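Down below is the structure, laid out as structure tokens.
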Amino acid sequence: MTDEVSIRLTSQRDPHGHVAPGSELRAARDGGSWPTFEYREPGVHTDIDHASAITSYRDVRELLGSTAIINGQAAYNVAGSRAQQPGNLLFKNGAEHRRLRRILIRHFTVKRVAALRPRVEELVDGLLDTVAAQGPGTDLIENLTRPLPALVFCELMGVPYTHHQDILGWTQTLLSLDASFEENHAAAAAIKDFLTEIVRRVTREPGADLMSAIVAEGGDDLSEDEAVGMGTILLVAGMDTTSHSTALSILTLLQQPDQLAIVRAAGGLAEPATDELIRYLSPVPAAQLRCAAEDITLGENTLRAGDRVMFSLLAANWDPELIGSAPELDLTRPRPNHVGFGYGFHQCPGQHLARLEVSVTVTKLFERFPALAAVTDDSLDWNERGLIYGINRLPVTW
9 MTDEVSIRLT SQRDPHGHVA PGSELRAARD GGSWPTFEYR EPGVHTDIDH ASAITSYRDV
69 RELLGSTAII NGQAAYNVAG SRAQQPGNLL FKNGAEHRRL RRILIRHFTV KRVAALRPRV
129 EELVDGLLDT VAAQGPGTDL IENLTRPLPA LVFCELMGVP YTHHQDILGW TQTLLSLDAS
189 FEENHAAAAA IKDFLTEIVR RVTREPGADL MSAIVAEGGD DLSEDEAVGM GTILLVAGMD
249 TTSHSTALSI LTLLQQPDQL AIVRAAGGLA EPATDELIRY LSPVPAAQLR CAAEDITLGE
309 NTLRAGDRVM FSLLAANWDP ELIGSAPELD LTRPRPNHVG FGYGFHQCPG QHLARLEVSV
369 TVTKLFERFP ALAAVTDDSL DWNERGLIYG INRLPVTW
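Just so we're aligned: 57 in this note's numbering is position 49 of the sequence shown, and the numbers increase by one with no gaps anywhere.
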């Protein structure tokens with residue numbers, strides 16, 4: 009598989025700064041075109057396919073908010089793909105999607121997530137104890153940003169923390185463009201078995217955990233397979249996305265001391281600043297593959313029914329229409345109305361929890377280690393070929 013296929017047009021970055029949209033992606037956005045590009049969808053099939061890239065802020069919001077653009081099996085058209093999994097919100101549309109999302113979304117409101125803050129702070133403090141014990145040179149990815157989302161998931165689901173390493177391994181495989189078709193499906197099967205056991209346990213003996221609440225609220229209208237599918241999206245969407253968002257935020261603040269000074273002066277990473285980091289970094293560079301349910305025309309661009317499309321959240325988040333002529337990081341900027349968590353019907357239901365984890369981790373890290381510094385840029389390992397963008401190592405000293 010070539011880099012041109014594995015690094016999708018919708019995810020291309022500037023090779024120098026590693027953050028801004030690449031030149032070809034910017035040209036597509038600024039020229040107003042919807043170019044077709046090649047891609048391969050992990051876990052679906054091994055063939056190369058084609059999709060149109062939607063790149064401008066206006067077009068991304070217009071189409072992600074349209075019922076003429078749909079998710080699911082229609083976009084993949086491959087028997088046996090994960091798009092057929094019951095309960096997985098990523099692949100559902102219309103009334104079925106609304107029914108499932110209503111069950112889930114009430115557990116991730118601002119108020120519900122705020123109630124989790126004390127426990128998230130305790131988990132972060134424990135991980136920072138490990139960082140301190142490891143001493144200068146320790147890798148923050150391995151010892152802080154990767155384990156935290158898995159520990160939070162275990163907390164929410166009421167399962168022992170000993171499962172968090174398995175969870176991390178499965179999700180990394182599912183989100184890798186380099187994993188084989190067989191490896192991808194083996195990871196998916198392991199997740200299904202793991203979650204099926206949880207669903208059956210809480211059905212017999214409900215507790216105070218999230219899965220118990222989902223099963224109870226769904227009642228007879230929610231099948232076991234649907235509950236497993238809902239757990240799958242929580243597990244997969246909440247791991248690498250949050251881990252990479254946090255790690256990239258830390259690295260960016262270390263590289264831009266003027267912005268770190270703003271965080272320190274504010275007494276921590278406030279929510280508007282967290283959103284600005286998400287906009288700037290766009291760790292989820294592209295939204296889930298979709299297709300046109302009918303012919304669509306916007307301006308001079310046209311999609312035919314059945315055409316596959318991918319949305320560059322990265323290009324949209326750097327669009328002058330959103331942030332004017334100054335796209336660089338500015339933590340004094342009013343909260344940007346970015347699309348880093350998607351937009352429309354499928355906007356990320358766990359976005360408030362992601363903000364909380366990033367904010368708490370960054371705030372407590374720089375409080376605990378005020379002299380923190382990255383070891384060297386040469387030691388960074390950029391993850392440019394995954395569905396989630398980030399770094400694989402972040403060694404630090406203090």
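No residue lacks a Cβ here, since even glycine has one placed at the ideal position from N, Cα and C.
Note that the structure is predicted; figures quoted are calculated from it, not measured.
When C-beta atoms of the region 324 to 338 are compared with those of the region 232 to 247, fewer than three pairs fall below 8 Å, so the two segments do not count as touching. Here S74 has I304, G352 as same chain residues with Cβ atoms under 8 Å from its own Cβ, once five neighbours each way along the sequence are excluded. Within the same chain, L97, P357 come within 7 Å of R109 by CB-CB distance, once the 5 residues on both sides are set aside. In the displayed model, H172 falls within a helix according to three-state DSSP.
Distances from the alpha-carbon of W390 to those of L17, R16, T18, V27 put V27 closest. Boundaries of the beta strand (DSSP E) around I304: 304 to 306.
Its chain contains V404, W406 as the residues whose beta carbon lies nearer than 6 Å to that of L380, once the 5 sequence neighbours on both sides are disregarded; these appear in chain order. The continuous alpha helix (DSSP H) containing F202 extends over residues 189 to 212. According to DSSP, N391 shares a beta bridge with G398.
A141 sits exposed, since fewer than 16 C-beta atoms from the chains shown fall within 10 Å of its C-beta. For F377, the three-state secondary structure derived from DSSP is coil. L289 is not a Cβ neighbour of G239, given a cutoff of 8 Å. Ranked by how close their Cα comes to the Cα of N151, the residues L176, D233, S320 have L176 in first place. When DSSP assignments are scanned along the region 217 to 278, the uninterrupted stretches of alpha helix (DSSP H) that are 4 or more residues long and fall wholly within it turn out to be 218 to 226, 232 to 246, 248 to 263, 265 to 273.
Ranking E392, N325, M318, L388 by CA distance to the CA of L402 puts L388 first. Ranked by how close their Cα comes to the Cα of L361, the residues R120, A235, D137 have R120 in first place.
Per DSSP, D315 is not a residue of any alpha helix (DSSP H), being assigned neither H nor E. By the neighbour-count criterion, in which 16 or more other beta carbons inside 10 Å mark a residue as buried, T179 falls on the buried side.
Boundaries for I56: no beta strand (DSSP E) harbours it, and the DSSP string shows neither H nor E there. Taking 8 Å as the cut-off, the beta carbon of Q267 is found closer than this to the beta carbon of L261. For A300, the uninterrupted beta strand (DSSP E) run begins and ends at 298 to 300, by DSSP. Between I62 and I270, the alpha-carbon positions lie close to 34 Å from each other. Between T138 and the set G398, A382, H171, R376, the nearest pair of CA atoms involves R376. Measuring C-alpha to C-alpha distances from A300 to each of R312, E163, L395 identifies R312 as the nearest. The way I'd put it, the region 319 to 330 doesn't touch the region 121 to 134; fewer than three beta-carbon pairs between them come closer than 8 Å. Going by C-alpha positions, V207 is about 43 Å away from D327. In the displayed model, V292 falls within coil according to three-state DSSP, outside both helix and strand. In the structure shown, P403 adopts extended strand secondary structure according to DSSP, grouped into three states.
When only Cα atoms are considered, E104 and S41 end up about 33 Å apart. Here I77 is bridged, per DSSP, to A300.
Of the residues R34, G39, T18, G30, the one whose Cα lies closest to the Cα of G307 is G39. Distance from the CA atom of S184 to the CA atom of D133, rounded to whole angstroms, is 30 Å. In the structure shown, E46 falls within a strand segment according to DSSP collapsed to helix, strand and coil. For H24, the number of other beta carbons within 10 angstroms of its own is below 16, and it is reported as exposed.
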